[in-house]
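So the sequence shown is residues 211 to 612, counted in this note's numbering. The beta-carbon is built from N, C-alpha and C at its ideal position, and this holds for glycine as well. It should be emphasised that the depicted structure is a prediction, and the values quoted were computed from it without experimental measurement. The structure appears below as structure tokens.
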Amino acid sequence: MDKRQIAIIGGGPAGLMGADVLSRAGHAVTIYDSMPTVARKFLLAGKSGLNITHSEDYISFTERFGAASERLSPALDAFRPGDIRAWAEELGTETFIGSSGRVFPRAMKASPLLRAWLRRLDAQGVKFLTRHRWTGFDDRGYVFETPEGPKTVQSDAALLALGGASWPRLGSDGNWMQWLEQKGVATAEFRPANCGFDVAWSDVFRERFAGAPLKSVTATSDAGTIPGEFVISRNGIEGSLVYAHAAALRDRLEKHGSAALTLDLTPGRTENRLSKDLARQSGKASLSNRLRKGADIDGVKAGLLREIAGPTDLADPDNLAHIIKALPLPVLRPRPIAEAISSAGGVEFEGVDDHYMLKALPGVFVAGEMLDWEAPTGGYLLTACFATGHAAAHGMDAWLKR
């Protein structure tokens, strides 16, 4: 019996996982990717430590995907964080759990894991055609722009795993959305996720503190109160704590036109304690000395207080204590989607069946960030890409066998 011909368009984690499952099931799989090499975003994400999943309890883990949690649950159930660790182990990559609960390869890099994975795919007969940029459909199949000119590919089924719209220089530019919309596929507009935000810094603050980390703080938004740190940038703020609040800040900006991140600059002290300690300082002392001696605040934290608080707040111990514990940092807008770690939007779940096949295009499946879901950093993004690629491949295998 001839093998079924499978086209996988997109060579990121979701596409590679789909190729792994389908080639082991006995299908003839070809991966098409627009870049000279596959998995470029995966490699860049793992340059300083590849966070492949998270070790927190599974119920809490699944809740990290917000509105998409219920729809993603079957895929996540079938390929859980423990399964990802076992999969990496099969490829010769030992993993460990960091102090934050995040899971990393022992080597801390993506390249050894990717090399081992590509060797396995090659041994399973998977073909790779790079510099093949998908440009839509024609009557005969899928059209690609290649170094040799336009080429049309026919297949028994296809898995689209082209990513979202973040980091377009690495291949995921979101251009595919127009071709699916022309076929009647329901989509949601792309929006930045896990991104920084613009802030209206004064020139003085920007020049002095751009690049400075703000450590040991908590930040509150509609996402809740979360401890951590972030960085002051020339344009605004960025870093892990900002990313944790990014969806909530973005959504509030879209709905209300304004949003602020509320900072506690001294999480270890109560407001009452701060007020008393600040009141003990001499009224003749400079603000810098009062903050340093009364609140153990200096550097960028002191600069931030001067930037945002008014003279009345800075002069009065009670007001100053309150503003230290609840400093509102207004944000103007998210940074451009090209700078975002990930994106929200894409193919709406209403447009796919329970096996990730497009309802408008039988035989065409989608996975990864092409779908309209988002999650915080911390291994959640990669886990869902792996899991949806795994689920879509099993769905395709079942569909082909029917």
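I'd like the list of long-range same chain contacts for residue i, defined as Cβ closer than 7 Å, with 5 residues on each side in sequence excluded.
i           : result
residue 311 : 264, 265, 266
residue 604 : 231
residue 504 : 487, 488, 490, 491
residue 569 : 561, 562, 563
residue 475 : 427, 507, 511, 534, 537
residue 451 : 429, 436, 438, 439, 440
residue 246 : 340, 341
residue 345 : 353, 354, 355
residue 361 : 354
residue 259 : 314, 318
Is DSSP giving residue i helix, strand or coil here?
i           : result
residue 400 : strand
residue 557 : strand
residue 370 : strand
residue 424 : strand
residue 442 : strand
residue 264 : strand
residue 510 : helix
residue 392 : helix
residue 607 : helix
residue 474 : strand
residue 538 : strand
residue 452 : helix
residue 312 : strand
residue 590 : helix
residue 332 : helix
residue 276 : helix
residue 355 : strand
residue 567 : strand
residue 636 : Since the displayed the chain opens at 211 and closes at 612, residue 636 lies outside it and no answer follows.
residue 236 : coil
What does a CB cutoff of less than 6 Å around residue i pick up in its chain, not counting 5 residues either side in sequence?
i           : result
residue 573 : 367
residue 502 : 508
residue 528 : 485
Taking the C-alpha atoms as reference points, what is the distance between residue i and residue j?
i           : j           : result
residue 480 : residue 470 : 22 Å
residue 590 : residue 279 : 11 Å
residue 321 : residue 583 : 27 Å
residue 328 : residue 336 : 9 Å
residue 286 : residue 598 : 8 Å
residue 238 : residue 607 : 12 Å
residue 216 : residue 369 : 8 Å
residue 461 : residue 334 : 44 Å
residue 274 : residue 314 : 19 Å
residue 580 : residue 519 : 42 Å
residue 615 : residue 381 : It is not possible to answer for residue 615, since the shown part of the chain is limited to 211 through 612.
residue 548 : residue 445 : 15 Å
residue 494 : residue 540 : 31 Å
residue 271 : residue 611 : 33 Å
residue 242 : residue 254 : 20 Å
residue 214 : residue 223 : 22 Å
residue 600 : residue 532 : 50 Å
residue 456 : residue 546 : 13 Å
residue 305 : residue 262 : 9 Å
residue 347 : residue 453 : 36 Å
residue 296 : residue 404 : 27 Å
residue 234 : residue 575 : 18 Å
residue 212 : residue 365 : 13 Å
residue 465 : residue 472 : 18 Å
residue 556 : residue 400 : 6 Å
Go ahead and label residue i buried or exposed: buried means 16 or more other beta carbons lie within 10 angstroms of its beta carbon, across all protein chains shown.
i           : result
residue 392 : exposed
residue 478 : exposed
residue 482 : exposed
residue 467 : exposed
residue 325 : exposed
residue 256 : buried
residue 435 : exposed
residue 269 : exposed
residue 220 : buried
residue 701 : Residue 701 lies beyond the range of the chain shown here (211 to 612); nothing can be said about it.
residue 350 : exposed
residue 402 : buried
residue 425 : exposed
residue 374 : buried
residue 517 : buried
residue 277 : exposed
residue 627 : Limits of the chain in this structure are 211 at one end and 612 at the other, which puts residue 627 out of reach.
residue 448 : buried
residue 578 : buried
residue 406 : buried
Quick test of your reading: residue i and residue j, contact by CB under 8 Å. State the CB separation rounded to the nearest angstrom.
i           : j           : result
residue 542 : residue 409 : 6 Å
residue 550 : residue 376 : 4 Å
Can you find the residues in the same chain that come closer than 8 Å, C-beta to C-beta, to residue i, ignoring five residues on each side of it along the sequence?
i           : result
residue 357 : 341
residue 418 : 513
residue 412 : 517
residue 283 : 272
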